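Protein chains in written order, with numbering that gives the first Met the number 0: chain A, 0 to 230; chain B, 0 to 76.
In this text, a Cβ means the ideal position worked out from N, Cα and C, and glycines have one as well.
Please read these numbers as outputs of a predicted model, since none were measured by experiment.
First comes the structure, then the notes that go with it.
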Amino acid sequence: MTTSSPQPETLAEFKDSFSYGSRPDLNFKFLKHLPDQAAAEFFRLLLCKLGDALDDGDFSRLVDHVLEWQARGYAEAKQFAYADGPFTPLAKPLSEARMALISSSGHFVDGDDPEPLGIADMTQEMAMAKIMELIKAPPTLSAIPFDTPPQRLRVRHGGYDIHGAQADHNVVLPLDGLRHLQATGKIGALTDTAYSFMGVCAQTRLLKRNGPEWVSLLQAQQVDALLLVPV
Amino acid sequence: MEAAGIATVIVASRVFRAQLKMMHLPRVLLTPHVMGRPLGPPGNRNRHHEVLTAALTLLETASEAGTIVSLPGSYRP
């Protein structure tokens, strides 16, 4: 009787493991889109720059390295292409316009959990584990008053690293910045609430079904301009 | 939204430049910020304000669909 030893992990398996695999880390899920040799180069350069930072203490080169390679990774990802699209000039000066905000950040107000897939109190880890089910599910638009206290905001999203959004919602849901611009008169008015949804939904459904509903929602509030923040 | 008379502007990380360019969207402001923090680092109100101001300028000045503007700077937490 013979026993087989486990097969060593390949480079492809290693880089893919950051994307919903055994080492889930949404900051680095882009590695899955890279060819093996490119992923190896990412790690080689990361260690090289880390070594340099040990001597001069400048870790900003690591931030730039991650940004550069995130861009390379997503440039390799599947893309939707449209030949053209509608364009509407702003109908009035911004100082007289009513503005809305929709972010795909996955925020909601405490006590108003959209309960994706019918699951109450879904954790971030569950959202990541159920990413394929969430993509097939219809998105829910959560209304978020602009003056919501930060401690009442919740965020959950299976598609991106939410640590920044947890530390400060304004990195992806700029409630405070828009309120300031409205208070200073740069923006005429804001809608009563901002909106957020977990943007891991199917694009075709979003375009054909949810989009028209959301257009009607904003038209009913006489919205002139819309800030969209995808993650 | 645009077809319904609502002018839109998108603020997104430049890591998604390729996808956003191919979608031929009305107005896109690309920021030099990592994924998940398109407005800038947590707590950096000045940077968030810079991004929003640039987005509003783009909203007011763009004259055709497919307008993409890149905000200069770096992501510095």
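Residues of chain B whose Cβ lies closer than 7 Å to the Cβ of Gly176(A) are, in chain order, His47, His48 and Leu51. For Pro144(A), the beta-bridge partners assigned by DSSP are Thr192(A). Under the Cβ criterion of 8 Å, Ala128(A) is not counted among the residues facing chain B. Residue-level contact check: Lys207(A) does not touch chain B, since none of the beta carbons of chain B fall below 8 Å from its beta carbon. With the rule of 3 Cβ pairs closer than 8 Å, the stretch 10–25 of chain B counts as touching the stretch 74–92 of chain A. Chain A places a beta carbon closer than 8 Å to that of Ile9(B), counting this residue as a contact. Under the 8 Å Cβ criterion, the stretch 214–230 of chain A counts as touching the stretch 89–108 of chain A, having at least three qualifying pairs. Counting C-beta atoms within 10 angstroms of its own C-beta, Arg26(B) has 16 or more neighbours from the protein chains shown and is therefore classed as buried. Shortest Cα-Cα distance from Ala201(A) to any of Leu89(A), Leu44(A), Gly84(A) and Lys135(A) involves Lys135(A). With a cutoff of 8 Å on beta-carbon distance, Leu93(A) and Leu58(B) are scored as near each other. Contact with chain A is absent for Val68(B), since none of that chain's Cβ atoms lies less than 8 Å from the residue's Cβ.
Taking Gln165(A) as the centre and dropping the five residues before and after it, the same chain places the C-beta of Val154 closer than 8 Å to its C-beta, in chain order.
Residues of chain B whose Cβ lies closer than 9 Å to the Cβ of Asp223(A) are, in chain order, Gly4, Ile5 and Ala6. For Ile9(B), the three-state secondary structure derived from DSSP is strand. Residue burial is scored here from C-beta neighbours: Ala61(B) has at least 16 other C-beta atoms within 10 angstroms and is therefore classed as buried. In this structure, the alpha-carbon of Pro41(B) lies about 5 Å from that of Asp167(A).
Look at the stretch 14–50 of chain B and you find these whole runs of beta strand (DSSP E), each 3 residues long or longer: 26–30. Taken through DSSP and simplified to helix, strand or coil, Ser94(A) comes out as helix. When secondary structure is reduced to three states using DSSP, Thr56(B) falls in the helix class. At a cut-off of 8 Å between beta-carbon atoms, Ala219(A) makes no contact with chain B. The three-state secondary structure of Met0(B), taken from DSSP, is coil. With fewer than 16 other CB atoms across the displayed protein chains lying within 10 angstroms of its CB, Asn45(B) is exposed. The contact set of Ala166(A) on chain B, defined by CB atoms closer than 8 Å, consists of Pro41 and Gly42 in chain order.
A Cβ-Cβ contact shorter than 8 Å links Leu33(A) with Phe41(A).
Proximity of the stretch 170–177 of chain A to the stretch 123–133 of chain A falls short of the contact definition, fewer than three beta-carbon pairs being nearer than 8 Å. Sixteen is the threshold: since fewer than 16 other Cβ atoms of the shown chains lie within 10 Å of the Cβ of Gly50(A), the residue is exposed.
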